[in-house]
Structures are given as structure tokens and as C-alpha cells.
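Enquirer:
Protein chains: 2
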Amino acid sequence: MKMSDVAKLANVSPATVSRVLSHPELVSTETRQKVLDVINQVNYKPHIVARQFRTKETKIILVVVPDITSAFFSKVLRGIEHVAVNHGYQVILGDTENDIEREKEYINLLLQKQADGMVLLTARLNKANLEEISNHFPMVLACEYIDGLNIPTVSIDNISSARKATEHLIKLGHTKIAHITGTINVILSRDRMRGYQQAMMSHDLDIDSAYIQEGDFSFESGYNQMLKLLALENPPTAVFAFNDDMAMGAIKAVKDSGLNVPKDLAVVGFDNIKMSSIHEPNLTTIDQPKYEIGKKAMEMLIKLINKESIHKKKIVMKDELIIRESCSSESKVRESLEVI
Amino acid sequence: MKMSDVAKLANVSPATVSRVLSHPELVSTETRQKVLDVINQVNYKPHIVARQFRTKETKIILVVVPDITSAFFSKVLRGIEHVAVNHGYQVILGDTENDIEREKEYINLLLQKQADGMVLLTARLNKANLEEISNHFPMVLACEYIDGLNIPTVSIDNISSARKATEHLIKLGHTKIAHITGTINVILSRDRMRGYQQAMMSHDLDIDSAYIQEGDFSFESGYNQMLKLLALENPPTAVFAFNDDMAMGAIKAVKDSGLNVPKDLAVVGFDNIKMSSIHEPNLTTIDQPKYEIGKKAMEMLIKLINKESIHKKKIVMKDELIIRESCSSESKVRESLEVI
DNA sequence: CTGAAAGCGCTTACAG
DNA sequence: CTGAAAGCGCTTACAG
Numbered sequence: 001m002k003m004s005d006v007a008k009l010a011n012v013s014p015a016t017v018s019r020v021l022s023h024p025e026l027v028s029t030e031t032r033q034k035v036l037d038v039i040n041q042v043n044y045k046p047h048i049v050a051r052q053f054r055t056k057e058t059k060i061i062l063v064v065v066p067d068i069t070s071a072f073f074s075k076v077l078r079g080i081e082h083v084a085v086n087h088g089y090q091v092i093l094g095d096t097e098n099d100i101e102r103e104k105e106y107i108n109l110l111l112q113k114q115a116d117g118m119v120l121l122t123a124r125l126n127k128a129n130l131e132e133i134s135n136h137f138p139m140v141l142a143c144e145y146i147d148g149l150n151i152p153t154v155s156i157d158n159i160s161s162a163r164k165a166t167e168h169l170i171k172l173g174h175t176k177i178a179h180i181t182g183t184i185n186v187i188l189s190r191d192r193m194r195g196y197q198q199a200m201m202s203h204d205l206d207i208d209s210a211y212i213q214e215g216d217f218s219f220e221s222g223y224n225q226m227l228k229l230l231a232l233e234n235p236p237t238a239v240f241a242f243n244d245d246m247a248m249g250a251i252k253a254v255k256d257s258g259l260n261v262p263k264d265l266a267v268v269g270f271d272n273i274k275m276s277s278i279h280e281p282n283l284t285t286i287d288q289p290k291y292e293i294g295k296k297a298m299e300m301l302i303k304l305i306n307k308e309s310i311h312k313k314k315i316v317m318k319d320e321l322i323i324r325e326s327c328s329s330e331s332k333v334r335e336s337l338e339v340i
Numbered sequence: 001m002k003m004s005d006v007a008k009l010a011n012v013s014p015a016t017v018s019r020v021l022s023h024p025e026l027v028s029t030e031t032r033q034k035v036l037d038v039i040n041q042v043n044y045k046p047h048i049v050a051r052q053f054r055t056k057e058t059k060i061i062l063v064v065v066p067d068i069t070s071a072f073f074s075k076v077l078r079g080i081e082h083v084a085v086n087h088g089y090q091v092i093l094g095d096t097e098n099d100i101e102r103e104k105e106y107i108n109l110l111l112q113k114q115a116d117g118m119v120l121l122t123a124r125l126n127k128a129n130l131e132e133i134s135n136h137f138p139m140v141l142a143c144e145y146i147d148g149l150n151i152p153t154v155s156i157d158n159i160s161s162a163r164k165a166t167e168h169l170i171k172l173g174h175t176k177i178a179h180i181t182g183t184i185n186v187i188l189s190r191d192r193m194r195g196y197q198q199a200m201m202s203h204d205l206d207i208d209s210a211y212i213q214e215g216d217f218s219f220e221s222g223y224n225q226m227l228k229l230l231a232l233e234n235p236p237t238a239v240f241a242f243n244d245d246m247a248m249g250a251i252k253a254v255k256d257s258g259l260n261v262p263k264d265l266a267v268v269g270f271d272n273i274k275m276s277s278i279h280e281p282n283l284t285t286i287d288q289p290k291y292e293i294g295k296k297a298m299e300m301l302i303k304l305i306n307k308e309s310i311h312k313k314k315i316v317m318k319d320e321l322i323i324r325e326s327c328s329s330e331s332k333v334r335e336s337l338e339v340i
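For the record, the sequence lines run as chains D and G. Just so you know, we're using full-length UniProt numbering here: the first sequence kicks off at 1 and counts up by one. Just so you know, we're using full-length UniProt numbering here: the second sequence kicks off at 1 and counts up by one.
See below:
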């Protein structure tokens with residue numbers, strides 16, 4: 001059943017059927033009703049791909065995520081999807097599983113016009129390349145970004161957030177503070193490490209290079225790197241982890257070593273995923289406005305698609321240090337260690 | 001830049017360019033190379049929507065999921081996506097957030113041919129309706145299903161799994177066993193409740209109707225329903241929860257009431273999500289082969305799309321009871337209660 | 001092995 | 001307010 005069939009049944013031209021569907025205000029009430037009756041009667045559904053082909057609009061946006069199973073990204077995704085659906089867009093999800101090759105493949109979908117635009121939650125590709133693409137296709141970055149690029153971006157200020165997290169530990173009296181990073185080829189990992197270093201240096205604290213251990217965002221890597229830190233001759237009394245998953249992994253390692261968090265070791269996470277408030281001990285962490293980041297990113301993308309002007313190309317969202325149970329003051333740590 | 005432009009530059013017909021792209025074996029090596037050179041030189045990308053329109057294939061499959069933020073579904077999704085990508089399909093994700101209306105909307109995408117097929121991870125629509133659609137479009141159900149329907153389905157045997165979970169508690173000596181269900185309009189909730197009831201009845205145990213409380217799959221509902229159970233005059237000594245999220249919520253409620261799991265109350269969850277082995281106490285739970293369910297479902301869908309025959313329309317995957325810390329024997333529970 | 005031509009199912013500028 | 005006609009960018013059956 002195609003449009004011309006409906007047209008015949010309703011004794012009108014295909015153009016009229018098309019108008020009833022896409023611009024009903026252009027059709028007289030009477031004709032419109034007649035056509036709608038036929039449409040309902042035969043349960044006609046327009047062939048969307050034909051429409052897409054004709055109008056050059058897919059009404060699809062592509063979201064590229066580094067890890068779909070992550071509690072953090074799924075919240076961002078939901079923000080994106082809500083705005084998308086409200087504006088009549090469908091979301092194609094591209095999960096790269098932290099693989100750059102797969103990131104490239106998904107970008108090809110955009111180049112081949114299978115989507116009207118794209119939100120990148122991971123941006124690890126060649127800078128020039130990405131900028132070139134963004135000059136021709138609507139694209140916004142969220143969470144991750146690329147320095148010195150003119151692409152609309154929404155994120156928090158990761159450096160200052162990380163500084164804040166580290167300073168919290170310093171205020172509690174800790175001086176031997178370690179950092180478990182994310183994969184270091186990701187800019188966010190470098191930013192949060194930078195924030196950590198800034199905090200340490202501005203308080204004249206030494207950073208033992210063995211105190212910086214590279215993880216890969218996963219619980220397991222947090223666990224393994226923490227074990228390494230605990231094995232040091234002079235182990236840290238506090239750890240700042242790139243994200244909550246790794247923070248929980250680190251805590252597990254501490255527990256498995258017969259020690260206690262926060263009594264023997266203070267831990268700060270990042271993201272404030274739901275589990276961070278359920279986990280025992282509750283995680284002190286940096287809250288990112290996950291849903292809002294997704295929402296804002298999608299709102300910007302829709303403006304780009306509609307060629308509306310964007311006042312601010314870089315949006316920095318507010319983060320917040322959430323103080324919970326996983327940190328205690330260094331004095332407590334010392335006490336507990338003396339008991340051992 | 002379109003195909004005809006490339007054709008001109010390469011001094012061939014558009015048909016030849018098309019063949020180079022889609023059926024290179026039909027073109028002589030020489031011509032093929034000439035065309036490929038031009039394609040690379042001008043960085044031509046075929047317009048996929050035009051191809052889709054022409055071939056009536058979108059190479060897109062739609063996955064409808066009730067809750068994208070759930071750790072359970074994201075694993076299933078990953079299984080689906082791996083198989084999809086390996087077969088050249090993209091995945092459109094439809095998150096219904098447990099809303100039937102949105103389930104309908106996504107199904108419309110299929111009817112409008114925006115996808116070659118569909119995997120439903122939620123099936124709450126009208127039965128006749130769904131069957132009708134599945135007669136015309138490739139579709140498979142996974143996890144959730146509908147009774148007495150001829151649609152290919154992959155899931156575990158929820159009734160027997162729930163029976164097994166409950167019997168584990170019975171074997172530990174518990175007799176006052178409560179059940180926190182999922183939303184009861186979902187068949188899986190009814191199945192797991194059925195399994196619970198079967199286990200209780202086959203061991204001649206009474207089911208106090210107040211021992212069955214309906215949650216909504218969320219951590220919070222597990223928490224709230226557990227609070228209700230604890231407030232009963234004759235509270236249970238064990239609880240079987242529909243899923244791990246609710247089990248963790250229930251445990252939090254127990255803790256917040258000053259009691260201990262498993263000493264004062266035994267808890268069994270369902271799904272074996274990652275957190276269940278990190279959470280303290282570790283959850284005794286039923287493992288579902290999440291990734292494999294997704295994989296199998298997508299494999300079946302691809303067979304359907306290719307009109308290959310399917311030997312078995314219903315695939316029942318193997319579950320497994322994972323025994324961890326959240327349950328102890330009833331005697332221990334009694335002891336501990338006597339201490340109080 | 002290659003080309004000319006038809007056609008997929010819509011939408012829209014144009015004419016009336 | 002409505003219709004006739006062109007055309008979006010590909011693919012493929014057919015002919016040579």
C-alpha cells in the first residue's frame with residue numbers, strides 16, 4: 001500500500017495525500033477528512049525512508065558512547081533521548097567500547113547522511129579530521145572534548161573538579177595522596193590528573209610518581225591499581241579515583257587487604273553514579289549533572305541542525321563535591337595504622 | 001558529490017560505480033581500480049538513504065528496551081549489538097522507560113520500514129496486535145515474552161528459576177519468606193511470583209498475603225517494600241526479590257532499620273548484575289546469561305530477516321543459582337533475633 | 001564486462 | 001485548495 005493507492009481510493013492526487021500527512025493546514029477540512037478516513041481504513045503507513053530520501057532529512061541523530069554499560073553514560077543518554085524524542089528525532093546508539101576504530105565507523109554514518117547530526121560522548125579521533133567534519137555536519141561534543149576546537153561542547157570543568165576533590169583530601173590532613181587515572185589517552189583522564197597535580201603542588205605536597213597509576217575506567221582496574229598502591233613501601237593514606245567504578249574497585253582492594261575505608265584509607269570517586277550512595281561505605285565523589293549534560297548537548301544539536309545561532313559554543317556545567325563516608329581525616333588514619 | 005559525478009570523472013557509467021561499491025566482483029580489475037581511485041580522490045561517500053530506498057533494506061534493527069539505565073539490559077544490549085555489527089546492521093535504541101505508549105511508538109518505526117527488524121526486550125502490548133505485526137515483520141522477543149504466541153523468543157525459564165531461588169531459602173530453614181515482585185503487569189513478575197508460590201506450596205509453607213509486595217524494579221521500591229515487610233507484626237526472616245536492584249534496596253532498608261543481612265534477614269536477588277558481587281553483603285542471586293540472550297536473539301532476528309528457517313522458535317537459556325553472602329540459615333537468624 | 005534506462009515512494013514548486 | 005510533473009540518488013534487469 002503506497003501513497004498513490006490511498007490517493008486513488010480517496011479520489012485525490014498523491015500530492016494531496018502527502019499534504020494531509022505533512023502539511024494538513026494546506027488541505028480543506030473536507031478533503032482532509034476524506035483522505036484520513038481512507039488512511040485509517042486501510043491502515044496506511046507512509047514509507048519513511050522514501051520521505052527521508054526526498055526531504056534529505058532522516059530525523060535520526062547518532063549518539064556515540066564509549067561504554068553503554070556505564071551507569072554514568074546511560075544517564076547522559078537519557079537526557080539526550082528525552083530532548084530528541086520531544087523534537088521528533090530518533091536516536092541511533094553507537095557503542096564504541098572505548099575503541100577508536102569503532103568511533104570512526106560511526107562517524108561514517110554521519111558522512112553518509114544516515115543521521116541529521118551527532119552527539120559525541122567520546123572524542124578521541126584526530127583533531128583536524130573532526131573539525132573538518134564538524135564544518136559540514138551538525139555535531140556536538142559532550143563530556144569529552146578536544147582542546148582548541150571550535151565544536152560546540154558541553155561538559156564540566158574537569159580540572160577544577162579534580163582539584164576540588166583532591167583538596168578535600170588535603171583539608172582532611174592527608175599528604176600521601178595517590179591518583180588512579182582513566183586511560184591516559186583520553187583528555188578527561190589528563191584533565192583530572194592535572195587537577196590532582198595542581199592541588200598537590202599548590203599545597204607544596206610531593207607527588208611520588210608511583211602514586212599515579214593508570215586504570216581503564218573499570219572496577220577491575222581500580223582494584224588492581226589499588227593493590228599496587230598498597231604494595232608500595234610507603235603507601236598512600238588517600239586515593240582520588242578517576243570515576244566511581246574505579247573508586248569502588250579500589251575500596252574492594254583495600255578491604256581484601258584486611259584494611260578499612262575510610263579508617264585506613266580515604267577514597268574519593270567521581271561522577272556520583274547511583275551506586276556511589278548505595279555502596280558501603282558511601283562514596284565521597286564529584287557530582288556531574290549527567291542528565292542535564294545530555295539535555296543541553298541535544299538542545300544545542302537541534303539548534304545546529306535548524307541552523308539557529310548558538311550564543312555560547314562551550315557550555316560548562318556545574319559540578320558539586322558530595323561528601324559521604326569514604327573519607328576521614330588523616331589523624332584517624334594515623335591512629336588506625338598505629339593500632340595495627 | 002553523487003555517484004553520477006564520480007562516474008563522469010572515471011569515464012564510466014553510474015551503474016559501474018554502483019557495482020564497484022556493491023558487487024566489485026562484477027567489474028574488471030582495471031575498471032574497478034580506476035573507479036576506486038576517483039572515489040578516494042574526491043572522498044565520495046554513497047548516500048545510504050538513497051540506497052536504502054532503492055533496495056528496501058535499511059540495515060538497521062530496532063531494539064526496544066524498558067530501561068536503558070539498567071545494568072541488566074545494557075548487557076543484553078551489548079550481545080545484540082555485537083552480532084548486529086558483525087552482520088552489517090546498525091542498532092536503533094528505543095528506551096520505553098516502562099511506558100507502553102512509547103513501546104507502541106517504537107513499533108511504528110518498524111511498520112514504517114525504518115528498520116529491517118526488531119528485538120523487543122519488553123512485550124506489554126496487546127497480544128493479537130503483536131502477533132499480527134510479527135506475521136509481517138521480522139521480530140523476536142527476548143527476556144520478556146508473551147504466552148501462547150508464535151513469535152521467536154529467547155529467555156530463561158523464569159518460573160523454575162524463581163522456584164530454585166525460593167527453595168534455596170527453604171533449604172536454609174526459612175519458613176517465613178516474603179517476595180518483592182516487579183510491576184505485576186509484566187509477565188516476568190507474574191512468573192517469578194508463580195515460582196515463589198510453587199516452592200512455598202510444595203513445601204507446605206503458608207504464604208501470608210502481606211508477604212507479597214509489589215515493587216517497580218527500582219532500588220527505591222525494594223527499599224520501601226522491605227520497610228513495609230519489616231513493619232509487619234510477624235515479619236519474614238527471608239526475602240526473595242524480583243531483581244538485584246530491589247534486593248539491594250531491601251538490604252538497605254534492613255540496615256537502616258538497625259538489622260543485619262544475612263544475620264537477621266536473608267535476601268535473594270535475581271539477574272546477577274555486576275553490582276551483586278561488589279555490594280556488601282554480596283548477593284545470592286540467579287544468574288541470567290545476559291550477553292548470550294542478546295546474542296541469540298539477534299542471531300534469530302538475522303535469520304528471520306534473511307528468511308532462513310528457524311528450527312526452534314523458543315529458546316530457553318540456562319540460569320544458575322549463585323550462592324553468596326546475603327543468605328544464612330534460619331537457625332542463625334533465630335539466634336540473632338533472640339540476642340535482640 | 002559495461003551501459004542505458006526504468007523505477008523505488010515520496011514531496012514540492014509551479015500552475016491553475 | 002488541488003493536481004500534474006519532476007526529481008531526490010541510487011540499483012538492477014536487460015541488452016549487447
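C-beta atoms are modelled at their ideal positions from N, C-alpha and C, and glycine is treated no differently.
Going along chain D in order, which residues have a C-beta closer than 7 Å to the C-beta of SER74 (chain G)?
Expert: One finds ILE68, THR69, SER74 in chain D with Cβ atoms closer than 7 Å to the Cβ of SER74 (chain G), taken in chain order.
Enquirer: By Cβ distance, which residues of its chain are closer than 7 Å to GLU103 (chain G), with the 5 residues on each side in sequence left out?
Expert: VAL64, THR96, THR122, ARG124, LEU125
Enquirer: Since TYR196 (chain G) and ALA162 (chain G) are thought to touch, with beta carbons under 8 Å apart, how far apart are those beta carbons, to the nearest angstrom?
Expert: 5 Å
Enquirer: Just to confirm, is the Cβ distance from LEU110 (chain G) to LEU93 (chain G) under 9 Å?
Expert: no
Enquirer: What did DSSP end up calling SER309 (chain G) once you bin it into helix, strand or coil?
Expert: Under the three-state reduction of DSSP output, SER309 (chain G) falls in the coil class, being neither helix nor strand.
Enquirer: What's the C-alpha gap between ALA50 (chain D) and ASP256 (chain D)?
Expert: 60 Å
Enquirer: Alpha carbons only, please: which of G:THR31, G:LYS176, G:ASN40 is nearest the one belonging to SER329 (chain G)?
Expert: G:LYS176
Enquirer: GLN90 (chain G) lies in the beta strand (DSSP E); which residues open and close that run?
Expert: 90–95
Enquirer: Spell out whether any CB of chain G is found under 9 Å from the CB atom of LYS295 (chain D).
Expert: No, its Cβ sits nowhere closer than 9 Å to a Cβ of chain G.
Enquirer: Quick one: using the 10 Å Cβ neighbour count with 16 as the cut-off for buried, is LYS295 (chain D) buried or exposed?
Expert: buried
Enquirer: State the start and end residues of the unbroken beta strand (DSSP E) segment that holds VAL239 (chain D).
Expert: Element bounds for VAL239 (chain D): 238–241.
Enquirer: Considering only their Cβ atoms, is the gap separating PHE240 (chain D) from GLY215 (chain D) smaller than 9 Å?
Expert: At the C-beta level, GLY215 (chain D) and PHE240 (chain D) stay beyond 9 Å of one another.
Enquirer: Buried or exposed, going by whether 16 or more other CB atoms sit within 10 Å of the CB of GLY148 (chain G)?
Expert: exposed
Enquirer: Got a sec, what are the start and stop residues for the alpha helix (DSSP H) ASP99 (chain D) sits in?
Expert: From DSSP, ASP99 (chain D) is part of no alpha helix (DSSP H); its letter is neither H nor E.
Enquirer: Out of D:VAL268, D:ILE80, D:LEU227, which has the shortest C-alpha to C-alpha gap to GLU167 (chain D)?
Expert: D:VAL268
Enquirer: Whose Cβ in chain D lies nearer than 9 Å to the Cβ of GLU280 (chain G)?
Expert: LYS255, HIS279, GLU280
Enquirer: Whole-angstrom Cβ separation of MET317 (chain G) and VAL119 (chain G), contact assumed at under 8 Å?
Expert: Going by Cβ atoms, the distance from MET317 (chain G) to VAL119 (chain G) rounds to 15 Å, so no, they are not a contact pair.
Enquirer: Using DSSP bridges, identify the partner residues of HIS47 (chain G).
Expert: Partner(s): none; HIS47 (chain G) has no beta bridge.
Enquirer: By DSSP, does THR16 (chain G) sit in helix, in strand, or in coil?
Expert: helix
Enquirer: For ALA50 (chain D), return the contacting residues in chain G, with the cut-off set at a CB-CB distance below 8 Å.
Expert: PHE53
Enquirer: Just list the residues that DSSP pairs residue 392 (chain D) with in beta bridges.
Expert: Residue 392 (chain D) lies beyond the range of chain D shown here (1 to 340); nothing can be said about it.
Enquirer: At 4 residues or longer, what runs of the alpha helix (DSSP H) sit wholly inside the segment 157–187 of chain D?
Expert: The qualifying runs are 158–171.
Enquirer: Quick one: does PRO289 (chain D) have its CB under 9 Å from some CB of chain G?
Expert: With respect to chain G, the C-beta atom of PRO289 (chain D) has no partner C-beta closer than 9 Å.
Enquirer: Does the beta-carbon distance from HIS179 (chain D) to ALA266 (chain D) come in below 9 Å?
Expert: no
Enquirer: Helix, strand or coil: how does DSSP classify MET226 (chain G) here?
Expert: helix
Enquirer: CB-CB under 6 Å to MET226 (chain G), same chain, minus the five flanking residues each way: which ones, in chain order?
Expert: Closer than 6 Å at Cβ, skipping near neighbours: ALA250, ALA253.
Enquirer: Given a cut-off of 9 Å, decide if ALA247 (chain G) and LEU205 (chain G) are closer than it, judged by their beta-carbon atoms.
Expert: no
Enquirer: Taking a contact to mean a Cβ-Cβ separation below 9 Å, would you say CYS143 (chain D) touches ILE293 (chain D) in this structure?
Expert: Yes, Cβ-Cβ distance for CYS143 (chain D) and ILE293 (chain D) is below 9 Å.
Enquirer: Check this for me: beta carbons of LYS127 (chain G) and ILE156 (chain G), under 9 Å apart or not?
Expert: In this structure, ILE156 (chain G) does not lie closer than 9 Å to LYS127 (chain G) by Cβ.
Enquirer: Cβ closer than 8 Å: which chain G residues qualify as neighbours of LEU120 (chain D)?
Expert: Within chain G, no residue comes near LEU120 (chain D); the closest Cβ sits about 16 Å away, beyond 8 Å.
Enquirer: Where DSSP assigns a beta bridge to VAL27 (chain G), which residues make up the other side?
Expert: DSSP output for VAL27 (chain G) lists no bridge partner at all.
Enquirer: Suppose you measure from the CA of ALA231 (chain G) to the CA of ILE273 (chain D); what does that come to, to the nearest Å?
Expert: So the two alpha carbons sit approximately 30 Å from each other.
Enquirer: Use the C-beta contact count for SER18 (chain G): other C-beta atoms within 10 angstroms, 16 or more gives buried, fewer gives exposed.
Expert: buried
Enquirer: For VAL42 (chain G), is the classification buried or exposed, using 16 other Cβ atoms within 10 angstroms of its Cβ as the cut-off for buried?
Expert: exposed
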